[in-house]
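J.:
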Amino acid sequence: MTASTLDPALPDDLRGSKVPKTTEVPKTEVTEQTTEEDVTPTKTALKDEIAGLFDVWNKALQTQEPKEVSALYAPNAILLPTLSNTVRHTTEEREDYFEHFLAKGPSGVIDQSNIRTFGDLAIHSGIYTFTFSTTGASVQARFTFVYAWNGTKWQIMEHHSSLMPEAMGALQMYENIFF
Numbered sequence: 001m002t003a004s005t006l007d008p009a010l011p012d013d014l015r016g017s018k019v020p021k022t023t024e025v026p027k028t029e030v031t032e033q034t035t036e037e038d039v040t041p042t043k044t045a046l047k048d049e050i051a052g053l054f055d056v057w058n059k060a061l062q063t064q065e066p067k068e069v070s071a072l073y074a075p076n077a078i079l080l081p082t083l084s085n086t087v088r089h090t091t092e093e094r095e096d097y098f099e100h101f102l103a104k105g106p107s108g109v110i111d112q113s114n115i116r117t118f119g120d121l122a123i124h125s126g127i128y129t130f131t132f133s134t135t136g137a138s139v140q141a142r143f144t145f146v147y148a149w150n151g152t153k154w155q156i157m158e159h160h161s162s163l164m165p166e167a168m169g170a171l172q173m174y175e176n177i178f179f
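Mapping of the sequence shown onto UniProt numbering: residues 1 to 179, in sequence order.
#1: By alpha-carbon positions, which one of Lys104, Ala122, Ser84, Pro165 ends up nearest to serine 133?
#2: Can you tell me the Cα-Cα spacing of leucine 72 and proline 106, whole angstroms?
#3: Could you tell me which uninterrupted beta strand (DSSP E) segments, each at least 3 residues in length, are contained entirely in the stretch 68–154, listed from first to last along the chain?
#4: Output the distance between the C-alpha atoms of serine 162 and lysine 67, rounded to the nearest integer angstrom.
#5: Going by the CB atoms, is the gap between isoleucine 156 and isoleucine 115 shorter than 8 Å?
#6: For glutamate 166, which of helix, strand or coil comes out of DSSP?
#7: With threonine 86 and aspartate 111 assumed to form a contact (beta carbons below 8 Å), what rounded beta-carbon distance in angstroms separates them?
#8: Alpha carbon to alpha carbon, how far is phenylalanine 98 from alanine 122? Give it in angstroms, no decimals.
#9: Would you call leucine 6 buried or exposed, if buried means 16 or more other Cβ atoms sit within 10 Å of its Cβ?
#10: Can you list, in chain order, the residues of its chain whose CB lies under 7 Å from that of proline 75, leaving out five sequence neighbours each side?
#11: When the distance is taken between beta carbons, is leucine 102 closer than 8 Å to histidine 160?
#12: Here's a check: name, in chain order, each residue in its chain whose Cβ is nearer than 6 Å to the Cβ of glutamate 158, leaving out the five neighbours to either side.
#13: When you compare each of Val109, Lys153, Gly126, Ser113 to serine 138 by their alpha carbons, which one comes out closest?
#14: Measure from the alpha carbon of serine 125 to the alpha carbon of each residue in Ser84, Gln62, Lys47, then state which is nearest.
#15: Going by DSSP, which residues form a beta bridge with glutamate 158?
#16: Rounded to a whole number of angstroms, what is the C-alpha to C-alpha distance between tryptophan 149 and phenylalanine 118?
Now the structure itself:
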């Protein structure tokens, strides 16, 4: 099939054998750990920046100030917290959750991490472990942070965290931490 049979409206210089042939562009080497979109310096720097947002959030937890943590969330953000059955839709509701959560002295570490970026949105998901200084207990949970760039900074738009369902005694751990 020639270009002229594909589109009879093509100019004469693009018909038949005059259609330019594409040149094979060498592909960037991709390891098993990365995808092609991951190897550009911009993409790598952005993923590092997104990964660093967890550290900012975790440091805010260490302040023991619910307002410090809540300030990292967009005003209309949704929090589906680990240790509460109540979805938090407002700044006041998020601060209420963090007031109780922070009282236990949480400190988080990421065990597994996945980061995907889509322009002004980024998704960071994986597994993290919290250790609570007041009880010494550790709890592993799944997490998803959805970040949006607001023109000046990244803000948490959605944060979902849930206990690992396979964990033995997850309910008992929950009760030991909060009751």
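By construction, the Cβ of each residue, glycine as well, lies at the ideal position given by its N, Cα and C atoms.
T.: Straight from the coordinates:
#1: In this structure, Lys104 is the residue among Lys104, Ala122, Ser84, Pro165 with its C-alpha nearest to the C-alpha of serine 133.
#2: Near 17 Å, if we compare the C-alpha coordinates of proline 106 and leucine 72.
#3: With a minimum length of 3 residues, the unbroken runs of beta strand (DSSP E) contained wholly in the stretch 68–154 fall at 73–80, 106–118, 121–132, 138–149.
#4: Roughly 22 Å separates the two Cα atoms.
#5: Against a cut-off of 8 Å, the Cβ pair of isoleucine 156 and isoleucine 115 comes out as no contact.
#6: The answer is coil: DSSP assigns glutamate 166 none of H, G, I, E or B.
#7: Not quite, the Cβ-Cβ distance comes to about 26 Å (not below 8 Å), so this is no contact.
#8: Looking at the two C-alpha atoms, the distance is approximately 23 Å.
#9: With a pLDDT of only 40 at leucine 6, under 50, the local geometry of the prediction cannot be trusted, and the value read off the model is given with reservation. With fewer than 16 Cβ atoms within 10 Å of its Cβ, leucine 6 is classed as exposed.
#10: For proline 75, where only same-chain residues beyond five positions count, the Cβ hits under 7 Å are Thr91.
#11: Their beta carbons are not under 8 Å apart, which means histidine 160 does not touch leucine 102 by this criterion.
#12: Closer than 6 Å at the Cβ level, and outside the excluded window around glutamate 158, lie Ile78, Val146.
#13: Cα-wise, what sits closest to serine 138 is Val109.
#14: Residue Lys47 is the option with its Cα nearest to serine 125.
#15: Paired residues: Ile78, Val146.
#16: Cα to Cα, the separation comes out at about 11 Å.
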